[in-house]
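Residue numbers for the sequence shown follow this note's numbering, so the first one is 331 and each next one is one higher.
Where a beta carbon is used, it is the ideal one built from N, C-alpha and C, also for glycine.
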Amino acid sequence: MLLRLPGVYPPQEDTWLLAEALAAENLGPGSRVLDICTGAGALSLRAASAGAGSVTAVDISRRALATTWINARLRRLSIRVVYGDLTSPVRDQRFDVVVSNPPYVPAHDDVLPTRGIERAWDAGVDGRMLLDRICVQAPGVLAASGILLIAQSALSGVEKTQAMLEEQGLSVEIVARAEIPFGRVLSARAALFEARGLIAVGQRTEEIVVLRAVRSHVEVNT
Ligand SMILES: C[S@@+](CC[C@H](N)C(=O)[O-])C[C@H]1O[C@@H](n2cnc3c(N)ncnc32)[C@H](O)[C@@H]1O
Numbered sequence: 331m332l333l334r335l336p337g338v339y340p341p342q343e344d345t346w347l348l349a350e351a352l353a354a355e356n357l358g359p360g361s362r363v364l365d366i367c368t369g370a371g372a373l374s375l376r377a378a379s380a381g382a383g384s385v386t387a388v389d390i391s392r393r394a395l396a397t398t399w400i401n402a403r404l405r406r407l408s409i410r411v412v413y414g415d416l417t418s419p420v421r422d423q424r425f426d427v428v429v430s431n432p433p434y435v436p437a438h439d440d441v442l443p444t445r446g447i448e449r450a451w452d453a454g455v456d457g458r459m460l461l462d463r464i465c466v467q468a469p470g471v472l473a474a475s476g477i478l479l480i481a482q483s484a485l486s487g488v489e490k491t492q493a494m495l496e497e498q499g500l501s502v503e504i505v506a507r508a509e510i511p512f513g514r515v516l517s518a519r520a521a522l523f524e525a526r527g528l529i530a531v532g533q534r535t536e537e538i539v540v541l542r543a544v545r546s547h548v549e550v551n552t
């Protein structure tokens, strides 16, 4: 059971799908894990309790970071909480596993909220305002054979995430998928999504996907 301050994203299906993918990775005592967009810290806690050597949790919400810090202390786990925008505060560091469940819900416009719980899901008209930036930034903080695990909705362009990461020299595969019913936020936007052709008329489920990206090793023949 996680403690959660008001205004912090409650871990849910996307969190747990990503947590399962994270559990499949090698999180030994030498591993360095970065959790971008940590929220209540569920993924950081999983990594720390699985034995990761170090866990760094980044969020732009101070309440989220306070929540993560408290949850770690309650479990006597060591998690470094860092305030900031995506990878900016850790751009000089390298990580073996980078995990992220960022905001990815298509919104009415491209104005990102600067406060409130909406900041946990609103991601611009195409739902990609954070995803695109993570695809550009995350490879830069990966160690040589580092792994990136990222969750998103099929409503916000899985192929684009894959293509952007491949352009950066990563090999990408989809390691988990789940079809889940619309929650409150998506239900309220169903007509908007229908009008944009993002969903079929009457559709009230979305597919959540977890992508796993690793650096490709190019063999040079001499
Ligand atoms: C969907 S929630 C995910 C929370 C948690 N990782 C989980 O899976 O339950 C997204 C989180 O991203 C944070 N966030 C939004 N924009 C951010 C940014 N530019 N940099 C860092 N964190 C951001 C929000 O505050 C929120 O906590």
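Per DSSP, F512 is not a residue of any alpha helix (DSSP H), being assigned neither H nor E. DSSP places L478 within a strand segment (E or B) once states are collapsed to three. Between the alpha carbons of T535 and S408 lies a gap of roughly 37 Å. Beta-bridge partners of S430 (DSSP): I366 and I480. Taking each of R458, R421, V429 and V428 in turn and checking the Cα distance to D439, the smallest one comes out for R458. With a beta-carbon spacing of about 36 Å, Q533 and V471 fall beyond the 8 Å limit used to define contacts. No residue range can be given for S418, since it is assigned to no beta strand (DSSP E) and is classified by DSSP as neither H nor E. DSSP places I504 in the strand class (E or B) of the three-state scheme.
Taking all protein chains in view, the Cβ of I529 is crowded by 16 or more other Cβ atoms within 10 Å, so the residue is classified as buried. Under the three-pair Cβ rule at 8 Å, the stretch 345-359 does not count as touching the stretch 413-423. As DSSP reads the structure, R519 sits in no beta bridge. Not one heavy atom of ligand 1 sits closer than 8 Å to the Cβ of S379.
The beta-carbon separation of E537 and E509, rounded to 5 Å, stays under the 8 Å limit for a contact.
Looking at the backbone, the Cα of E355 and that of V544 are separated by about 12 Å. When Cβ pairs closer than 8 Å are counted between the two stretches, the stretch 366-383 is seen to touch the stretch 391-404, the count reaching three or more.
Taking the Cα positions, R334 is about 16 Å away from E448.
Short note on Q423: C-beta not closer than 8 Å to any heavy atom of ligand 1.
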